[in-house]
Structures are given as structure tokens and as C-alpha cells.
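See structure below.
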Amino acid sequence: ADIEQLYFNLKIRARDLGANSFKLNSFSKSDSTNITTLILDTYYGTDSALNKNFQNHEKNVIYIFGNAEKSDKTYSFKIDNIKKEIKSGTFYKHQNKEGQEVKINKGGFSGATIWIKWKENKPAIFLTLTGFGLGDAPVPVGQVGITFNTGRINNIDGSLGHLLVLLLTQRE
């Protein structure tokens, strides 16, 4: 199974057990046997513990993913009209500065465009340029998008996004 499938299966099982948070224990993928192992320690955190944990997360950060599986496939997009490219298995990280509104475009004029505005204590946003990671991701408040047909930008579940940042490589 891939990371996404493992994560969502573990999330369902953890909810059944009453857990609402996790910590990465280990991850491995064998190329020879094509077996992926993801082990998460799951916990129940009170609202105050979850809030305290949230305060430690990066704010006003945008993470952009192509696909979680490492390969030579590349994905291109523009951020404030500057072309960027990421390989599968990597991610791009953008830090919004105070007062900044960033424009992200995939697919040119007839593609998808979204604008993300800085806001105090705004949680990290995780985006995918493919259909990857779309299990049950909510759309973040305050985000506006226009979509036509040659590109797509979708939101990834925040917890999955945080996990991917731990597992994948940041694009240099």
C-alpha cells in the first residue's frame, strides 16, 4: 500500500480506538518486495494538550506536494508567477510573510489558481498538484480558488500533510 492508503486506514482504526493524535514511530519501504510499513503511536489528547501542540506548529506556511512515491516524474507550478518544479517524493515549502497574499497556479491560464493570504496564527496549508491525499480533506477557511480544466490544486488533510513533511524530502 502507499503512504496515503496506510495513513487513512490507520486514521480510521485510531478513531475507532478513541485516538485523536499520533506520533511517527517508523516508516520503511522496500523496493525489492514493494512493501511499505508505517507505524504510528496513537494517543488521545485533551483539547488543551492538542491546542498546546498546535502552538508549536509552523504558521502561515504552505506545503506543495506532487506525489508521495519517489520517481523521476516532475510537477510544475507557479508561485507569484515564478515557475517552480518538484519531483515525486519531494515537497515545496513557502513561508507567507506578514500581510502577504500569495498566488499559486497550476496549468497556466486554463488551469487552477488559488490565493492564500497571511493571517496571524494561520495553520499550515498542505496542497497537492495531483489527486494524491484527498481522502477527507476539508477546505481551509479564507482560501479562494478558481478552477477550469488543465490543472488542479487540492487540499490535503492537515495531519497527513504533517506526516508527509516528516517522510518526504524538501525540494532545495
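So in this note's numbering, spot 55 of the sequence shown is number 58, and the numbers just go up one at a time. Don't be surprised by glycine CBs; every beta carbon is placed ideally from N, CA and C. Quick caveat: nothing in here was measured; it's all calculated off a predicted structure.
Residue environment, residue i, which counts as buried when at least 16 other CB atoms sit within 10 Å
i	result
Glu-7	buried
Lys-100	exposed
Tyr-10	buried
Tyr-46	exposed
Gly-102	exposed
Leu-20	exposed
Val-53	Note that residue 53 is Leu in the sequence shown here, rather than Val. Label assigned to Leu-53: exposed.
Lys-14	buried
Ile-128	buried
Ile-107	buried
Same chain, Cβ closer than 8 Å to residue i, five either side skipped, listed in chain order
i	result
Gln-173	Thr-93, Phe-94, Tyr-95 and Lys-96
Asn-28	Ile-42, Leu-43 and Asp-44
Gly-48	Asn-23, Ser-24 and Asn-56
Pro-126	Phe-57, His-60, Lys-62, Pro-143 and Gly-161
DSSP three-state assignment for residue i, whether helix, strand or coil
i	result
Tyr-10	helix
Lys-81	strand
Thr-172	strand
Gly-136	Confidence is the limiting factor: at Gly-136 the pLDDT is only 48, short of 50, which leaves the residue's position unreliable and the question unanswerable from this model.
Ser-162	helix
Leu-20	coil
Ser-113	helix
Ile-15	helix
Pro-141	Reliability fails at Pro-141, whose pLDDT of 44 lies under 50, so the model's placement of it is uncertain and the value that follows must be treated cautiously. Three-state result, Pro-141: coil.
Unbroken alpha helix (DSSP H) run spanning residue i, endpoints
i	result
Asn-56	50–58
Cβ shell of residue i (< 7 Å), same chain only, five flanking positions each side left out
i	result
Leu-170	Ile-6 and Phe-30
Glu-72	Asp-5, Ser-91 and Gly-92
Sequence-distant residues of the same chain with beta carbon closer than 6 Å to residue i, five excluded per side
i	result
Lys-109	Phe-80, Ala-115, Leu-132, Gly-154 and Ile-156
Ala-140	Low per-residue confidence applies at Ala-140: pLDDT is 42, beneath 50, and the placement is therefore not dependable enough to give any value.
Lys-26	Asp-44
Range of the contiguous beta strand (DSSP E) that encloses residue i
i	result
Tyr-95	93–98
Thr-40	38–46
Ile-128	128–131
Ile-65	64–68
Exercise for the section: Give a yes or no on contact between the region 52–61 and the region 72–81, applying the rule of three or more CB pairs nearer than 8 Å. Expected result: no
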